[in-house]
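Trainee:
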Amino acid sequence: MEVKQITVTVNGEPRIVEVEPRILCVHMIREILGLTGTHLGCDTTSCGACTVLLDGVPVKSCTLFGVQTDGHELTTVEGLGWPSELHPVQEGFKEEHGLQCGFCTPGMMLTSAALLEDNPDPSEEDIRWAISGNLCRCTGYQNIIKSVQWAAKKMAAERTAATA
Amino acid sequence: MYPPRFHYEAPSSIEEALQLLSVYQGEAKVLSGGMSLIPLMKLRFASPGAIIDVNNLPGLDGLWEESGQLRVGALVRNRDIIRSEVVRARYPLMTSVAPQIADPLVRGRSTLVGSLCHCDPQGDWGAVMLAMNGEVVARSVAGERRIRVADFLLGPFQTSLRPDELAVEARVPAPTGQPFGVYHKLERKVGDFATVGVAVFLELSGRSVARAGIGLCGVGPTNVKCVEAEQALVAGGLEDRVVEDVARLAAEAGKPQTDQRGSAEYKRHLVHTFLVRALQTAMGREPIDIRQRRFERVNALV
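So the protein sequences, as listed, match chains L and C.
If you read the first sequence in my numbering, its first letter stands for residue 103, the second for the next number, and so on.
If you read the second sequence in my numbering, its first letter stands for residue 676, the second for the next number, and so on.
#1: Going by the CB atoms, is the gap between residue 677 of chain C and residue 108 of chain L shorter than 9 Å?
#2: How would you label residue 800 of chain C, buried or exposed, when you count the other beta carbons within 10 angstroms and need 16 or more for buried?
#3: Could you pull out every residue in the same chain whose Cβ sits closer than 6 Å to the Cβ of residue 821 of chain C, ignoring the five residues on either side in sequence?
#4: By DSSP, does residue 849 of chain C sit in helix, in strand, or in coil?
#5: Compare the beta carbon distance of residue 909 of chain C and residue 928 of chain C with 9 Å and say whether it is the shorter of the two.
#6: Are residue 817 of chain C and residue 788 of chain C touching if we call contact CB-CB under 9 Å?
#7: Is the separation between the beta-carbon of residue 231 of chain L and that of residue 779 of chain C shorter than 9 Å?
#8: By a C-beta neighbour count over all protein chains shown, 10 Å radius and 16 as the cutoff for buried, is residue 829 of chain C buried or exposed?
#9: Compare the C-beta of residue 238 of chain L with all C-beta atoms of chain C and state if any pair is closer than 9 Å.
#10: Could you check the C-alpha separation between residue 711 of chain C and residue 701 of chain C for me, to the nearest Å?
#11: Below 8 Å between beta carbons is the criterion; list the residues of the stretch 680-701 of chain C that meet it against any residue of chain L, in chain order.
#12: When DSSP labels each residue in this structure, what does residue 738 of chain C get in the three-state scheme?
#13: Who are the near neighbours of residue 883 of chain C in its chain, counting only those whose CB is closer than 6 Å to its CB and skipping five residues on each side?
#14: When the Cβ atoms of the stretch 175-194 of chain L are set against those of the stretch 212-226 of chain L, are three or more pairs found closer than 8 Å?
#15: For the stretch 132-148 of chain L, which residues have a beta carbon sitting closer than 9 Å to at least one beta carbon of chain C?
#16: With H, G and I counted as helix, E and B as strand and the rest as coil, what does DSSP make of residue 240 of chain L?
#17: Among residues of its own chain, excluding the 5 on either side of residue 238 of chain L, which ones have a beta-carbon nearer than 8 Å to its beta-carbon?
#18: Might you give, ordered along the chain, the residues of its own chain that have their beta carbon closer than 6 Å to the beta carbon of residue 868 of chain C, omitting 5 neighbours on each side?
#19: For residue 1043 of chain C and residue 728 of chain C, which I take to be in contact (beta-carbon distance under 8 Å), what is that distance rounded to the nearest angstrom?
#20: Could you tell me whether any Cβ in chain L is nearer than 9 Å to the Cβ of residue 943 of chain C?
#21: Would you kindly check if the distance between the Cβ of residue 926 of chain C and the Cβ of residue 954 of chain C is under 9 Å?
#22: Taking one C-beta from the stretch 847-854 of chain C and one from the stretch 743-758 of chain C each time, how about it: are there three or more such pairs within less than 8 Å?
#23: Please go through the same chain and pick out, in chain order, the residues whose beta-carbon is closer than 7 Å to the beta-carbon of residue 160 of chain L, but skip the five residues on each side of it.
#24: Between which residues of its own chain and residue 174 of chain L is the CB-CB distance below 8 Å, once the five residues before and five after are set aside?
#25: Does residue 745 of chain C come within less than 9 Å of chain L when only Cβ atoms are used?
#26: Out of C:704, C:739, C:737, C:732, which has the shortest C-alpha to C-alpha gap to residue 722 of chain C?
#27: Using CA atoms only, rank isn't needed, just tell me which of C:755, C:693, C:686, C:885 is closest to residue 172 of chain L.
#28: Could you list the residues in the stretch 202-222 of chain L with a C-beta less than 9 Å from some C-beta on chain C, going in chain order?
#29: Less than 9 Å between CB atoms is the rule here; does residue 165 of chain L satisfy it with respect to chain C?
#30: Any idea what DSSP makes of residue 719 of chain C, helix, strand or coil?
#31: Quick check on DSSP: helix, strand or coil for residue 683 of chain C?
#32: Any idea what DSSP makes of residue 927 of chain C, helix, strand or coil?
#33: Please report the straight-line C-alpha distance between residue 978 of chain C and residue 200 of chain L, rounded to a whole angstrom.
#34: Can you name the residues of chain L whose CB is closer than 7 Å to the CB of residue 704 of chain C?
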């Protein structure tokens, strides 16, 4: 069995992982790294529940081999924030009821966080466009949009406060 | 599911990659974006004995104009194309198609060159590159060659790339006249393959058409270039009676199959409709097209 040793920075911490090349990044994250916030939804690269950030860019971790992350930075939902220090996007999903079952939510939040890095003042159309690779079966997306808008406002206020 | 075992190679130079390809020949598949290959491997429709991951190769992510051509490196992602100033300024057909491929997450990894090499009959870039008379640059230990896209796309998932060759770049001619381009694609839902895709590229001078390119996807064993329709457009210019002829010729150029996305007749009708809409837009009229209107409103960075 051919096993590769890779070094990947996961949520800011360098990790050395031994993994077979055929193991998908999502399985490496869940089963080897023990980070189960990233979910498997479809098996057909359709749903986006497995979304993580690779060097800050949202990708479907089910369509990447774990070995491909060697030398790169991976951010999972666990790296976004913690109950003691929530990311504004996580706060927004809390305030605006952006989830029901929560299965799509980690992916939605990571995609949204990346959007707000790029485009701090997105229109509703921009938000809908950016999350169009993340499917939700529960909410009808209404409150997801509101959650992202809440986060955008909070982050703008924080930026203004910081420069004041 | 995940794939059966394979040897994994991650060369760090192009020379190393070419050596590996000449050793592995048909046993190895090149992995760049992986957005087509990995899904096939997960479903076990493809089981290559070896994977050559080219994502670490230097110098393949360039996107620039030089000597009258736009040069697109093999590792230029669709996301990069969407964000490119030079593409937005001078390559309207590419600006139109890039945001319509799959979804934002897939666009972050998928590549133009990879799409051509994968050669899916429903590939969007194939239709566009046929319309724009593009070419592919392939390298091997034996040297380098340039292949016109029309000679590159042979059949379903079959290109004229040799097993020891690596496609390193795609090129399109830089516009000389006033370029127009639009890609119309019908999909059943976001991220779906095209039911039908129509790429229209024109170089205009007033109403007269100096160059015309029309490429289709979803209507045959591989992408189709509508040569007769192109010729009719150049001969006749942008006039209403010419539009009808061109649309008819384009619809007849494809050989669509009836499948879950629609009947052959419906797909031919779509080609006709999209051609008419594209040419109406080129003529300065704005036909109602909900999808195109959406693109105007969105600040698409992904």
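Yeah, the Cβ is synthetic: ideal placement off N, Cα and C, and Gly gets one too.
Mentor: Reading off the structure:
#1: Cβ atoms of residue 108 of chain L and residue 677 of chain C: not closer than 9 Å.
#2: Within a 10 Å sphere around the beta-carbon of residue 800 of chain C sit 16 or more other beta-carbons, which makes this residue buried.
#3: Contacts found: 810, 812.
#4: Reduced to three states, the DSSP call for residue 849 of chain C is coil.
#5: If you check the CB distance, residue 909 of chain C and residue 928 of chain C do not come in under 9 Å.
#6: Between residue 817 of chain C and residue 788 of chain C, the CB-CB gap reaches or exceeds 9 Å.
#7: Between residue 231 of chain L and residue 779 of chain C, the gap from beta carbon to beta carbon is short of 9 Å.
#8: Residue environment for residue 829 of chain C: exposed (fewer than 16 other C-beta atoms within 10 angstroms of its C-beta).
#9: It does not: the Cβ of residue 238 of chain L has no partner Cβ on chain C nearer than 9 Å.
#10: If you draw a straight line from the Cα of residue 711 of chain C to the Cα of residue 701 of chain C, it is about 18 Å long.
#11: Contacts with chain L (Cβ-Cβ distance below 8 Å) from the stretch 680-701 of chain C involve 680, 681, 682, 683, 685, listed in chain order.
#12: In this structure, DSSP gives residue 738 of chain C an extended state, which the three-state scheme calls strand.
#13: 912, listed in sequence order.
#14: Contact holds: three or more Cβ-Cβ distances are below 8 Å.
#15: The residues in question are 145, 146, 147, 148.
#16: It is coil, neither helix nor strand.
#17: Taking residue 238 of chain L as the centre and dropping the five residues before and after it, the same chain places the C-beta of 206, 210, 246 closer than 8 Å to its C-beta, in chain order.
#18: Exclusion of the five residues before and after residue 868 of chain C leaves 797 as the residues of its chain whose Cβ lies within less than 6 Å of its Cβ.
#19: Given that chain C is displayed from residue 676 to residue 977, the structure contains no residue 1043 of chain C and the question cannot be resolved.
#20: Chain L, which has no Cβ nearer than 9 Å to the Cβ of residue 943 of chain C, makes this no.
#21: Taking a C-beta distance under 9 Å as the contact criterion, residue 954 of chain C and residue 926 of chain C do not qualify as a contact pair.
#22: Yes, they touch.
#23: If you ignore the 5 residues before and after residue 160 of chain L, its C-beta comes within less than 7 Å of the C-beta of 153, 212, 213, 216, all in its own chain and listed in chain order.
#24: Closer than 8 Å at the Cβ level, and outside the excluded window around residue 174 of chain L, lie 110, 111, 156, 157.
#25: Not one chain L Cβ lies under 9 Å of residue 745 of chain C.
#26: Per the Cα distances, C:704.
#27: If we check each option's Cα against that of residue 172 of chain L, C:686 comes out closest.
#28: Correct list: 209, 213, 216, 217, 220, 221.
#29: At a cut-off of 9 Å, the C-beta of residue 165 of chain L has a neighbouring C-beta in chain C.
#30: DSSP places residue 719 of chain C in the coil class of the three-state scheme, outside both helix and strand.
#31: In the structure shown, residue 683 of chain C sits in a strand (DSSP, three-state: E or B).
#32: Here residue 927 of chain C sits in helix by DSSP.
#33: Since the first residue shown for chain C is 676 and the last is 977, residue 978 of chain C is missing from the structure and cannot be characterised.
#34: Against chain L, the beta carbon of residue 704 of chain C has no neighbour under 7 Å; the closest one sits roughly 12 Å away.
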